[in-house]
Amino acid sequence: MDVMQRFSKAMFIPVLILPIAGLLIAIGNILTNANLLAVFPFLDNPITVGFGTIISGSLVTILQNLGLIFCVGIAVGLADKKKGEAGFTAMLAFLVFINAMNKFMTLKEMLADPENLRGTGQAMVLGVQVLDMGVFAGILLGIIIAVIFNRFADIEFNNAFNIYGGTRFAFIVLIPVVVIFAILMTYIWPFFQQGINSLGGWIQNAGNFGIFVYGALERLLIPTGLHHLVYTPFLYTSLGGTEIINDVVYEGSRNIYYAEMVEPAIRQLSASVIWDARGISKMFGLIGACLAMYVTADPDKKQKARAILIPAAFTSFIAGVTEPIEFSFMFIAPVLYVVHAALSGLSMVVLNVFNVRSIGPNGFIDFLMMNVPLGIEKTGWPMYILIGLVFFVIYFVIFRVLIQLMNLKTIGREDEGAETRLYSKKDYLDKKSGAYASEYTAATSESNTGSIGMTVVDLLGGKENIESVTNCYSRLRTVLKNPDLVDQEALKNETQASGVVVKDNNVQVVYGVQVGSIRKSVDQVLGFSSEE
1 MDVMQRFSKA MFIPVLILPI AGLLIAIGNI LTNANLLAVF PFLDNPITVG FGTIISGSLV
61 TILQNLGLIF CVGIAVGLAD KKKGEAGFTA MLAFLVFINA MNKFMTLKEM LADPENLRGT
121 GQAMVLGVQV LDMGVFAGIL LGIIIAVIFN RFADIEFNNA FNIYGGTRFA FIVLIPVVVI
181 FAILMTYIWP FFQQGINSLG GWIQNAGNFG IFVYGALERL LIPTGLHHLV YTPFLYTSLG
241 GTEIINDVVY EGSRNIYYAE MVEPAIRQLS ASVIWDARGI SKMFGLIGAC LAMYVTADPD
301 KKQKARAILI PAAFTSFIAG VTEPIEFSFM FIAPVLYVVH AALSGLSMVV LNVFNVRSIG
361 PNGFIDFLMM NVPLGIEKTG WPMYILIGLV FFVIYFVIFR VLIQLMNLKT IGREDEGAET
421 RLYSKKDYLD KKSGAYASEY TAATSESNTG SIGMTVVDLL GGKENIESVT NCYSRLRTVL
481 KNPDLVDQEA LKNETQASGV VVKDNNVQVV YGVQVGSIRK SVDQVLGFSS EE
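The opening position of the sequence shown corresponds to residue 1 in the UniProt record's numbering, with each subsequent residue numbered one higher.
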C-alpha cells in the first residue's frame, strides 16, 4: 500500500499538467471554430485565428511525447530530494533509452519500414524509431530512475573523482542500467504489448459491462485515494483505445479526444472518448443526493444542512471535487456509497448507448470548454446534459427512499445531541461528529496562510513527524513517521478538513479545491521548497 500511495502521488505531476494543455487546446479550437466565427464575426481575423491555430497546434505535441513527460514527472515525484536534478537526470536517461533501443534494433535488423509503421508495434519517439511502449516507457523508466537516483545521488568522493560524485554519479550508474533495460524491453515488451492489446480487446468485447465496472470501480476506490490508478491507464495508454489521426498514432481516451478536437475532418469523436465521460455523477448525480439529504433532514436542522450542502454541491458541480459530499455518507451510510458507485458506472453505460461523445471529468467549466466549441454533431453535448438531469432525478429518488426507509443518519438526521456536519472515516470509527465548513476564505486568505499552515502541521504531529508533503486535486497527501500523532478530530474542526484517510504512514487530509493554498502554507511552515 505504501508503494502504491507513493506511486499514485508521483503520477500527479504529469497528470495534473495535461488538463491545462487540454483547456488551452480547447481555447485554440474556439478561436478557429467555423460555427463560432459565424456567430461572432469580430473573431474572424488573422490575429485571433492565427493565435488559435498556433495554440492548438503547438500543444498537441505534448500528447505525442507522453513517455518523456511521465518519465520526468514520476522521477521527480518519487525522488526523495534534489528533485530538479532528478528531473534533469530523467530527461537524459530517457534520451539514452530510446537511442539505445534504436541502435540495438538496428544491429538486430528489427526495425520496420519507417514510412509504414502501422501495425508494426513501433513508433517514432522524438524522431527516433523504437518499440511503441507509449506512456509505459515513461512510467517504468521514471520508477527505475527514481530508485537509482535515491540510492546513489548522495554518494561523494574525496579524491580526484569528486567531480563525478552526487547526482552525476547517479547518472553514471543509470547509463548501463538504462541501456540494459532498453535491450531487455526489445525482447520482453512485444509480449506485454500483446497482453495489453488482449486486455483492451476484452474490455471492448465486454461492451457496456466493462464500462459499468470501470465507472463503478473508479468511485469505489475513492476511500483509498488510489482511484486515479484506475482511470489513468485508460486516458493515456492503449487500454483506452488507439486511433490514427493524420498518420499519427494516438493512444488513450484523453489523448485521442485532444487530437480529434482539433481535426475538422472528424465529424464525430471516437468511441474511446467514453472512458473520459465520468462527470455525470459529479455534475448532476451528487447534486440530487445533496437535495435528498436536505429534504429528509429534520425540520430543526434544515437550515444548517442547507448551509453545509450548498457549497459542497456547488464545488462538485463546478470543479468536479466530489469528496466533501462522498465523505458525508461514505462510512456513515455505506449502502448509499455502493449505490453511488453503481449509478456512476450506469451513467457511463447510458452515455455509450446513446452514442454521446462528450467528456466532463472535472466539472461544468471543463465540460463547457471541452465540448461546446466542437458542436453538437461531434460531441452530442445536449444529450449529455439531458442524461445528467435524468440521473439527478434518479439519485434524488433513490437516496431519499433509502435514507427514509433505512433511517440513515445523513446530514441533518443525526442522533440527538450530535452536530450537523459532513462526515469522515474517523467519524464512523469513533462515532463522533465530523466537520465541514462552507466558507474557506478566512482560512486560506493571504493574511491567514501562516496560521492555517501552522495549525495543520501541529495537528499532523509537528514538524519532526512530517517526512513529505504533496497534494492532488483535493487532498493534502503526507508521509508521517508516526501517524498515531495525528489529531483527526481537530483537523476537521479547526482546519475545515472534510475527511482524513490513514493508510500506514500515508495520511491524506481532504480539503477540496483550496488544497493548493493550504499545501503552500504548510510548505512555508516546514521550510520546504519546491525541491523537497
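Ideal Cβ positions, reconstructed from N, Cα and C, are used throughout, including at glycine.
Exposed unless 16 or more other CB atoms sit within 10 angstroms - verdict on residue i
i: Ala10; result: buried
i: Asn162; result: exposed
i: Gln496; result: buried
i: Asp276; result: buried
i: Glu243; result: buried
i: Leu141; result: buried
i: Gly130; result: For clarity, residue 130 is Val in the given sequence; the question names Gly instead. Buried, because 16 or more other Cβ atoms sit within 10 Å of the Cβ of Val130.
i: Gln404; result: exposed
i: Asp366; result: buried
i: Lys108; result: exposed
i: Trp189; result: buried
i: Gly363; result: buried
i: Ser344; result: buried
i: Met370; result: buried
i: Leu368; result: exposed
i: Val397; result: exposed
i: Ser521; result: buried
DSSP bridge partner residues for residue i (one or two, in chain order)
i: Gln122; result: Leu131
i: Lys302; result: DSSP lists no partner for Lys302.
i: Gln508; result: Arg477 and Val501
i: residue 537; result: The structure shown does not extend to residue 537, since the chain spans only 1 to 532, so no value can be given for it.
i: Val249; result: Ile244
i: Thr470; result: Arg477
Cutoff 6 Å; reference residue i; Cβ partners in own chain excluding five residues on either side
i: Tyr231; result: Glu218
i: Lys282; result: Ser316, Gly320 and Thr322
i: Val349; result: Asn208, Ile211 and Phe212
i: Arg475; result: Gln508 and Val510
i: Leu429; result: Because Leu429 sits at a pLDDT of 44, beneath the cut-off of 50, its placement in the model cannot be relied upon, and the following sentence gives the value as read from the coordinates. Excluding residues within five positions, none has a Cβ falling inside 6 Å.
i: Val525; result: Gly453, Met454 and Val457
Residue i, DSSP secondary structure in three states
i: Thr296; result: coil
i: Ile266; result: coil
i: Val96; result: helix
i: Ser58; result: helix
i: Thr242; result: strand
i: Ala322; result: Reading off the sequence shown, one finds Thr at residue 322, where the question assumed Ala. It is coil, neither helix nor strand.
i: Asn102; result: helix
i: Ser451; result: helix
i: Val350; result: helix
i: Ile27; result: helix
i: Arg151; result: helix
i: Val176; result: Note that residue 176 is Pro in the sequence shown, not Val. Three-state DSSP puts Pro176 in a helix.
i: Pro114; result: coil
i: Thr237; result: coil
i: Leu309; result: helix
i: Gly215; result: helix
i: Leu429; result: The predicted model places Leu429 with a pLDDT of 44, which falls under 50 and marks its position as unreliable; any figure quoted below should be read in that light. Looking at Leu429 - three-state DSSP - the assignment turns out to be helix.
i: Asn407; result: coil
i: Arg278; result: coil
i: Met261; result: helix
i: Phe158; result: The question names Phe, yet the displayed sequence has Asn at residue 158. Coil at Asn158, not helix or strand.
i: Val390; result: helix
i: Ser445; result: In this predicted model, Ser445 has a pLDDT of only 39, less than 50, meaning its place in the structure is not dependable; the value taken from the coordinates is given anyway. DSSP places Ser445 in coil when its eight states are reduced to three.
i: Leu63; result: helix
i: Glu109; result: coil
Proximal residues to residue i (C-beta, below 8 Å), its chain only, five neighbours per side dropped
i: Val353; result: Asn208
i: Gly516; result: Asn471
i: Ile55; result: Leu24, Ile25, Ile27, Gly28 and Leu31
Proximal residues to residue i (C-beta, below 7 Å), its chain only, five neighbours per side dropped
i: Val177; result: Ile144 and Ile148
i: Gly165; result: Ile155, Glu156 and Phe157
i: Thr120; result: Ala112
i: Gly461; result: Leu480, Asn482, Leu485 and Val486
Integer Cβ distance of residue i from residue j, believed to fall under 8 Å
i: Phe329; j: Ile287; result: About 14 Å separates the two Cβ atoms, so there is no contact after all.
i: Ala216; j: Ala342; result: 6 Å
i: Phe314; j: Leu389; result: Not really, about 17 Å apart at Cβ, beyond 8 Å.
i: Ala93; j: Leu174; result: 5 Å
i: Trp309; j: Ile385; result: Contrary to the premise, residue 309 reads as Leu rather than Trp in this sequence. So it is not a contact: roughly 22 Å between Cβ atoms.
i: Gly73; j: Pro14; result: 3 Å
Residue i: CB within 8 Å of a non-hydrogen atom of the ligand HEM
i: Asn162; result: The ligand HEM is not part of this structure, which contains no ligands at all.
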